[in-house]
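Enquirer: There's a structure below that I have some questions on.
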Amino acid sequence: MSLTPIGEPRQKITTATIREKKSLHQPITCLTAYDYATARLVDEAGIDIALVGDSLAMTMLGYENTLSVTVDEMLHHVKAVRRGVKDALLIADMPYGSYQADPNEAVHNAARFVKEGGAEAVKMEGGEKRVDVIRRVIDAEIPVAGHIGLTPQSVNMMGGYKVQGKTLNAIEQLMRDAVALDRAGVACIYLEGIPREVATMITAEVEAPTIGIGAGPDCDGQVLVFHDLVNLTFGHPAKFVRRYGDAAALITQSVLAFKADVVSHQFPNDAESYHLPKETQAALETVLHRKQAMRR
Ligand code: KIV
Numbered sequence: 013m014s015l016t017p018i019g020e021p022r023q024k025i026t027t028a029t030i031r032e033k034k035s036l037h038q039p040i041t042c043l044t045a046y047d048y049a050t051a052r053l054v055d056e057a058g059i060d061i062a063l064v065g066d067s068l069a070m071t072m073l074g075y076e077n078t079l080s081v082t083v084d085e086m087l088h089h090v091k092a093v094r095r096g097v098k099d100a101l102l103i104a105d106m107p108y109g110s111y112q113a114d115p116n117e118a119v120h121n122a123a124r125f126v127k128e129g130g131a132e133a134v135k136m137e138g139g140e141k142r143v144d145v146i147r148r149v150i151d152a153e154i155p156v157a158g159h160i161g162l163t164p165q166s167v168n169m170m171g172g173y174k175v176q177g178k179t180l181n182a183i184e185q186l187m188r189d190a191v192a193l194d195r196a197g198v199a200c201i202y203l204e205g206i207p208r209e210v211a212t213m214i215t216a217e218v219e220a221p222t223i224g225i226g227a228g229p230d231c232d233g234q235v236l237v238f239h240d241l242v243n244l245t246f247g248h249p250a251k252f253v254r255r256y257g258d259a260a261a262l263i264t265q266s267v268l269a270f271k272a273d274v275v276s277h278q279f280p281n282d283a284e285s286y287h288l289p290k291e292t293q294a295a296l297e298t299v300l301h302r303k304q305a306m307r308r
């Protein structure tokens, strides 16, 4: 099976496609998408995976971190992204608290993302300690993406957003986490905020494709947060972010130009206005003339 080059009409991307890409050493592309518009742009550009990340807590909803976003809030966005995505694999993030407490609840919540949201896989943070729940969700026929390293839902345990895997012990733990997820049968493993050298070792060790963010160039694929990519995140970007466009500048310029045109009566102009049909205009003028004549 040949994979269609980016930009050309292509096949539906599935979990099998991304595994095949790993085996063919073809880089996997992933971007977050949070609504219909970003979903269409990401999908139509030929990105392999549209991830409805819980980063939407900050980028879309203005929360301080990912901890407060709920299943219902996530679902609202997953449904919108579903309506915009045709070919990309649609992965939905399970938010904090929706899978840690009870495996039955985890299966129930994961199934909501599939049944109500139209997701094709769900993502959960954590390694070895999350394997039992991940197995249960996979047993319920729902593909799971793993996520290890700097896992934002553990921000309080990590004491901040810090690069992980910097000591030998930490490297060993990350390797155990990756291998445990791989053995559990995850569809892919997101590697976030770890040294390049560690990501390279994990990528060589596991069969599942690795998708890196702040994990160096040797992962099987790369993901960025859409809002980071186009400068809509209002802050100093992390070291691993590359800004490919400046949507903030474009939007600000457009908003200011609109404001100036309205204030100076330049918008809307006559060509941007609707007009009466000729006959109605003529009839209206006749009525107005008659009224004027009666007043005299
Ligand atoms: O929520 C998110 O956007 C993510 C990616 C950064 C991997 O989990």
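Heads up: the sequence shown is residues 13 to 308, going by the working numbering. Idealized CB from N, CA, C, for every residue including glycine. Since this is a predicted model, take the numbers as computed values, not measurements.
1) Gln-176 CB to nearest chain B CB: under 8 angstroms?
2) Tell me, to the nearest whole angstrom, how far the beta carbon of Ile-206 is from that of Gln-165; I am working on the premise that it is less than 8 angstroms.
3) Note the first and the last residue of the continuous alpha helix (DSSP H) segment covering Tyr-48.
4) Can you name, in chain order, every residue of its own chain whose Cβ lies under 6 angstroms from the Cβ of Asp-163, other than the five neighbours on each side?
5) So, is Asn-168 buried or exposed, given that buried needs 16 or more other C-beta atoms within 10 angstroms?
6) Does the pairing of the stretch 133–150 with the stretch 196–206 give three or more beta-carbon distances under 8 angstroms?
7) Should Asp-55 go down as buried or exposed, given a rule of 16 or more other Cβ atoms within 10 Å for buried?
8) Flag Ile-103 as yes when its Cβ comes closer than 7 angstroms to any non-hydrogen atom of the ligand KIV, and as no otherwise.
9) Could you say which of Lys-98, His-37, Asp-114 and Tyr-48 lies nearest to Ile-59 if we only look at CA atoms?
10) Tell me which residues share the same chain as Asp-66 and place their Cβ nearer than 6 angstroms to its Cβ, disregarding the 5 neighbours each side in the sequence.
11) Run through DSSP, which three-state label would Lys-251 get?
12) Spatial neighbours of Leu-288 within its chain, please: CB distance less than 8 angstroms, with the 5 preceding and 5 following residues excluded, ordered by chain position.
13) Starting from Tyr-202, follow its DSSP beta bridges and name the residues at the other end.
14) Is Ile-160 closer than 8 angstroms to Ile-201 when the C-beta atoms are compared?
15) Measure the Cβ-Cβ separation of Thr-44 and Val-237 and say whether it is below 8 angstroms.
16) Relative to the C-alpha of Val-242, which residue among Asp-230, Asp-232 and Leu-262 is closest?
17) In angstroms with no decimal places, state the Cα-to-Cα distance between Asp-240 and Ala-62.
18) Could you have a look at Ala-100 and say whether DSSP puts it in helix, strand or coil?
19) If you count every other CB in all the chains shown that lies within 10 Å of the CB of Phe-125, and 16 or more means buried, which is it?
20) Please state the DSSP three-state secondary structure of Val-134.
21) What's the call for Ala-227, buried or exposed, on a 16-neighbour Cβ count within 10 Å?
22) Report the three-state DSSP secondary structure of Ala-182 (helix, strand or coil).
23) Do you know how far the Cα of Arg-255 is from the Cα of Ala-182?
24) For Leu-36, count the other beta carbons within 10 Å of its own beta carbon; 16 or more makes it buried, fewer makes it exposed. Which is it?
25) Please state if the CB of Val-156 and the CB of Val-133 are separated by a distance shorter than 8 angstroms.
26) Based on Cα-Cα distance, which residue from Glu-128, Glu-204, Ala-100 and Asp-144 lies nearest to Gln-112?
Expert: Reading from the atomic positions:
1) Given the protein chain composition of this structure (a single chain), no chain B is represented.
2) Actually they are not in contact, since the Cβ atoms of Ile-206 and Gln-165 sit about 16 angstroms apart, beyond 8 angstroms.
3) 48–56
4) Going by the sequence as given, residue 163 is Thr instead of Asp. The answer, listed in chain order, is Glu-137.
5) exposed
6) The stretch 133–150 is in contact with the stretch 196–206.
7) buried
8) no
9) Lys-98
10) Thr-78, Val-81, Asp-105 and Pro-107
11) coil
12) Leu-296
13) Answer by DSSP bridge pairing, in chain order: His-159 and Ile-223.
14) At the C-beta level, Ile-201 and Ile-160 come within 8 angstroms of one another.
15) yes
16) It is Leu-262.
17) 15 angstroms
18) In the structure shown, Ala-100 sits in coil (DSSP, three-state: anything other than H, G, I, E or B).
19) buried
20) In this structure, Val-134 counts as strand in the three-state DSSP scheme.
21) buried
22) Ala-182: helix per DSSP, three-state reduction.
23) 30 angstroms
24) exposed
25) According to the sequence as given, residue 133 is Ala; it is not Val. Pairing Ala-133 with Val-156 gives a Cβ-Cβ distance under 8 angstroms.
26) Asp-144
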